[in-house]
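Peer 1:
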Amino acid sequence: MRETNHPGAVGEERLRLLKELLRSSEELYSQAGHPEQAYSLLEKRETLIENLQELDNQIHQRYSKEQMAPFRQEAEALIQLIQKLDQQTRELMTVE
Numbered sequence: 007m008r009e010t011n012h013p014g015a016v017g018e019e020r021l022r023l024l025k026e027l028l029r030s031s032e033e034l035y036s037q038a039g040h041p042e043q044a045y046s047l048l049e050k051r052e053t054l055i056e057n058l059q060e061l062d063n064q065i066h067q068r069y070s071k072e073q074m075a076p077f078r079q080e081a082e083a084l085i086q087l088i089q090k091l092d093q094q095t096r097e098l099m100t101v102e
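When we follow this note's numbering, the leftmost residue of the sequence shown carries the number 7, and every step to the right adds one.
1) Which whole-angstrom value describes the C-beta separation of I88 and S31, a residue pair presumed to lie in contact below a C-beta threshold of 8 Å?
2) Among the candidates N57, E33, L58, whose CA atom is the shortest distance from the CA of L48?
3) Do you know offhand how far I76's Cα is from L58's?
4) Could you tell me the distance, in whole angstroms, from the CA atom of H12 to the CA atom of T100?
5) What's the C-alpha gap between R20 and A81?
6) For A83, which of L28, A38, E97, I65 has the nearest alpha-carbon?
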């Protein structure tokens with residue numbers, strides 16, 4: 007993860023991590039019937055989530071909500087997509 011001091015750079019990095027997390031959710035969904043492959047994807051997701059949490063902590067310490075506002079709508083939309091896809095994956099894995 008890059009160290010940045012500008013809210014725009016940090017906001018873009020957060021969006022990049024969220025998009026990467028969405029891609030991993032899509033991969034996990036596609037592998038829901040193959041638990042052995044899903045395990046490595048879950049490890050990758052855990053690392054992404056840790057990086058995202060670390061970045062979010064830095065954002066909350068350094069920037070106001072107003073500074074991060076330009077990135078809020080896209081971030082919230084990505085988070086909603088990730089949550090929906092993860093729910094569908096859980097349901098599919100339960101059926102499998």
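Ideal Cβ positions, reconstructed from N, Cα and C, are used throughout, including at glycine.
Peer 2: To lay it out plainly:
1) As a first step, residue 88 is located in the sequence shown; it is residue number 82 there, counting from the start. As a first step, residue 31 is located in the sequence shown; it is residue number 25 there, counting from the start. Indeed they touch by this definition, with Cβ atoms about 5 Å apart.
2) Numbered from 1 along the sequence shown, position 42 holds the residue referred to as residue 48. For the residues N57, E33, L58, the minimum Cα distance to L48 belongs to E33.
3) Numbered from its first residue, the sequence shown carries residue 76 at position 70. Numbered from its first residue, the sequence shown carries residue 58 at position 52. According to the sequence displayed, residue 76 carries Pro and not Ile. In a straight line, the C-alpha of P76 is about 18 Å away from that of L58.
4) On the sequence shown, residue 12 is found 6 positions in, with the first residue counted as 1. On the sequence shown, residue 100 is found 94 positions in, with the first residue counted as 1. Cα to Cα, H12 sits roughly 43 Å from T100.
5) Looking up residue 20 in the sequence shown gives position 14. Looking up residue 81 in the sequence shown gives position 75. Distance between the alpha carbons of R20 and A81 is about 8 Å.
6) As a first step, residue 83 must be located in the sequence shown, where it is residue number 77. When only C-alpha atoms are compared, the closest one is L28.
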